[in-house]
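What follows is a single structure, written as structure tokens, with notes after it.
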Amino acid sequence: LPKSFPYINEPTDFNLEQETPSKYFVNLTIDEETLNELEADADYNGLDEKGKVDAQRTAVLRKHFASVPVVNPFRKKFLGNIIAEVFKRFHITETSKMLDRMKNLGFKYSTRAGITVGVSDIVVLPDKGEILAVAQEKVDKVQAQFRRGFITEDERYDRVISSWSAAKDEIQSKLMKSLEKTNPIFMMSDSGARGNASNFTQLAGMRGLMA
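Quick note: the sequence shown, position 84, residue 94 per this note's numbering, numbers continuous.
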């Protein structure tokens with residue numbers, strides 16, 4: 011972030027779901043202990059007044075960051091919120107610098123992580139057969155109603171689509187909840203880096219309805 015970023019944004023799960031992140035302003039008044047640490051640094055004493063103010067603000071923010079636990083992982087959408095906020099306040103020059111630093115950080119740790127995908131990472135949901143059996147039973151009843159003339163072709167079509175869509179949604183929901191947080195495919199889809207839950211469901215759950 012730019013050194014003059016005026017506050018730290020700490021969204022909760024509710025904020026992210028409602029897309030209304032709260033803004034928690036950090037008091038940038040430097041405490042005596044931190045000031046003494048800065049004054050003991052030769053580089054700090056060689057700065058002009060503006061440089062010293064910037065150094066003090068940075069020290070306060072770093073101290074605050076160190077004391078705040080990371081509650082939520084930084085997903086793609088959250089990074090987008092940060093970028094938009096920086097651009098709104100500092101425009102293109104500072105934003106481009108931050109984006110370069112963000113890119114370098116991503117490359118550094120994605121290389122260190124060495125994430126790979128294997129067949130063993132594709133976990134089949136244990137309840138899959140049962141869910142599909144229930145959906146098939148519903149579809150069979152709809153087909154029987156259609157053959158007896160109780161429903162129209164359009165109604166039959168809509169109900170069959172609805173039954174299989176509901177089955178896919180249930181499998182997807184249970185599948186994502188059952189996965190380990192360190193599963194490579196889960197990490198890629200949950201973070202927004204590549205793919206999404208629907209893509210993973212097609213691998214490990216069911217192909218779903220295709221046009």
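Ideal placement from N, C-alpha and C gives every residue a C-beta, glycine not left out.
TODO: Would you mind sorting Gln146 into buried or exposed? The rule is 16 or more other CB atoms within 10 Å of its CB.
DONE: Position 136 of the sequence shown, counted from the first residue, corresponds to residue 146. Classification of Gln146: exposed, given that the 10 Å Cβ count is below 16.
query: Where does Ser120 land, buried or exposed, given buried means 16+ other C-beta within 10 angstroms?
result: Counting from 1 along the sequence shown, the entry for residue 120 is found at position 110. Exposed: under 16 other Cβ atoms inside 10 Å.
request  = In the DSSP assignment, find the unbroken alpha helix (DSSP H) run with Ala154 in it and report its ends.
outcome  = Taking the sequence shown and counting its residues from 1, the one referred to as residue 154 is at position 144. Run containing Ala154: Lys138 to Arg157, per the alpha helix (DSSP H) assignment.
- Query: Given Met216, which residues of its chain have a CB within under 8 Å of its CB, disregarding the five upstream and five downstream residues?
  - Reply: As a position in the sequence shown, residue 216 is number 206, starting the count at 1. Short of 8 Å from the beta carbon of Met216, and not among the five residues preceding or following it, lie these beta carbons of its own chain, in chain order: Lys138, Leu142, Ala177, Lys178 and Ile181.
- Helix, strand or coil: which one does DSSP assign to Gly61? Residue numbering aside, residue 61 sits at position 51 when the sequence shown is read from its first letter. Reduced to three states, the DSSP call for Gly61 is helix.
Check your understanding: What does a CB cutoff of less than 8 Å around Phe196 pick up in its chain, not counting 5 residues either side in sequence?
Key -> Translated into positions along the sequence shown, residue 196 becomes position 186. Once the five neighbours on either side are set aside, the close Cβ partners of Phe196 are Met186, Leu189, Glu190 and Phe210.
For Thr198 and Arg67, what's the separation of their Cα atoms in angstroms? Working through the sequence shown from its first residue, we reach residue 198 at position 188. Working through the sequence shown from its first residue, we reach residue 67 at position 57. Sequence check: residue 198 is Met here, not Thr. In a straight line, the C-alpha of Met198 is about 35 Å away from that of Arg67.
Query - Under the three-state DSSP convention, the category Tyr34 falls into - result: Walking along the sequence shown from the start, residue 34 turns up at place 24. Caution applies to Tyr34, whose pLDDT of 49 falls short of 50 and renders its modelled position unreliable; the value that the coordinates give is listed next. DSSP places Tyr34 in strand when its eight states are reduced to three.
*Identify which residue in Trp174, Ala52, Glu47 and Lys87 has its Cα closest to the Cα of Val149.*
Along the sequence shown, one-based indexing puts residue 149 at 139. Distances from the alpha-carbon of Val149 to those of Trp174, Ala52, Glu47 and Lys87 put Trp174 closest.
Residue range of the alpha helix (DSSP H) that includes Arg99: The residue you call residue 99 lines up with position 89 of the sequence shown. Segment Lys86 to Ala123, the alpha helix (DSSP H) holding Arg99.
_Close Cβ partners of Gln155 (< 8 Å) along its chain, the five nearest in sequence each way excluded_ = By 1-based counting over the sequence shown, the position of residue 155 is 145. Correct list, in chain order: Ile161 and Arg166.
Discussion item. Alpha carbons only, please: which of Asp200, Arg99, Ile40 and Pro83 is nearest the one belonging to Lys62?
Written reply: Numbered from 1 along the sequence shown, position 52 holds the residue referred to as residue 62. Checking every option, the nearest Cα to that of Lys62 belongs to Ile40.
State the DSSP-derived secondary structure class of Glu49, mapped to helix, strand or coil. Position 39 of the sequence shown holds residue 49. Note: Glu49 maps to helix in three-state DSSP.
Taking the alpha-carbon positions, what's the Thr44 to Ile93 distance? Within the sequence shown, the letter at position 34 stands for residue 44. Within the sequence shown, the letter at position 83 stands for residue 93. C-alpha separation (whole angstroms): 29 Å.
In whole angstroms, what separates the C-alpha of Arg122 from that of Glu59?
-> As a first step, residue 122 is located in the sequence shown; it is residue number 112 there, counting from the start. As a first step, residue 59 is located in the sequence shown; it is residue number 49 there, counting from the start. One C-alpha to the other measures close to 40 Å.
Notebook entry, point to check: Can you give the Cα-Cα distance for Val129 and Leu57, rounded to whole angstroms?
Noted result: As a first step, residue 129 is located in the sequence shown; it is residue number 119 there, counting from the start. As a first step, residue 57 is located in the sequence shown; it is residue number 47 there, counting from the start. Approximately 57 Å, taken between the alpha carbons.
Task: With 16 other Cβ atoms within 10 Å as the buried cut-off, status of Asn114 - done: Along the sequence shown, one-based indexing puts residue 114 at 104. Taking all protein chains shown into account, Asn114 has fewer than 16 neighbouring C-beta atoms within 10 Å of its C-beta and is therefore exposed.
> What residues in its chain sit with their C-beta under 7 Å from that of Val127, if we drop five residues either side in the sequence?
Replying inline: Your numbering for residue 127 matches position 117 in the sequence shown. So the list reads Pro194 and Ile195, once near-sequence residues are dropped.
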